[in-house]
Amino acid sequence: FTSLRLSSLNSHVKTHSDEKRHVCHLCLKAFRTATLLHNHVNAHTGTRPYKCSDCDMAFVTSGELSRHRRYKHTLEKPFKCSVCKYSSVEASKMKRHIRSHTGERPYACDLCSYASKDAYKLKRHMITHSG
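Residue numbers for the sequence shown, in the working numbering: 2 to 132.
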């Protein structure tokens, strides 16, 4: 990070702190930055200030808008599978896809023999043990 303004540097340094001074007035959850709090309050209120210029979708955060545009409005998918025709806009998605060819299932349940190629499916599986 670089900046010519000391105030910008000070704000940036605070993002690395564990101190959470920004508190949501609706649920009392605390955040490190005002931006994170603002996005959180938008989720409470349903405010979606980030509008897609290519369609009528709108999002709570700029990151969600960026991800939407990358997935829905770009034809470029730089990560291509060498085994089949699958391609992806994200390296992490390609890594998970490759596991469908190799059979690798690195996310294993500690309570039974279940194993998955992605963490989300293991998390969903764990609910079966807790009810």
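Glycine included, every Cβ here is placed at the ideal spot set by N, Cα and C.
Keep in mind the model is a prediction, meaning the values are calculated, not measured.
| Asked | Found |
| --- | --- |
| Per-residue burial, H38 [other beta carbons within 10 Å of its own, 16 or more giving buried] | Before going on, a small fix: residue 38 reads as Leu here, not His. L38 comes out buried. |
| Residue closest to A44, alpha-carbon to alpha-carbon, out of Y115, R22, E105 and V61 | V61 |
| Ranges of the alpha helix (DSSP H) found wholly within the segment 81–113, counting only runs of at least 4 | 92–103 |
| Member of S12, V14, T34 and C28 whose CA lies at the smallest distance from the CA of R22 | T34 |
| A120 versus H98 - alpha carbon distance | 13 Å |
| Proximal residues to Y51 (C-beta, below 6 Å), its chain only, five neighbours per side dropped | F60, S63 and L66 |
| Same chain only: Cβ atoms within 8 Å of L10, ignoring 5 sequence neighbours per side | F2 and S4 |
| Inter-residue spacing [alpha-carbon to alpha-carbon] between D55 and C113 | 46 Å |
| Close Cβ partners of L123 (< 7 Å) along its chain, the five nearest in sequence each way excluded | Y108, C110 and S117 |
| Inter-residue spacing [alpha-carbon to alpha-carbon] between A128 and S8 | What sits at residue 128 in the sequence shown is Ile, not Ala. Whole-angstrom Cα-Cα distance: 46 Å. |
| Distance between beta carbons of R71 and V90, contact taken as under 8 Å | 5 Å |
| Nearest neighbour of T16, chosen from F32, R100, H26 and C25 [CA to CA] | F32 |
| Extent of the continuous alpha helix (DSSP H) run through E65 | S63 to K73 |
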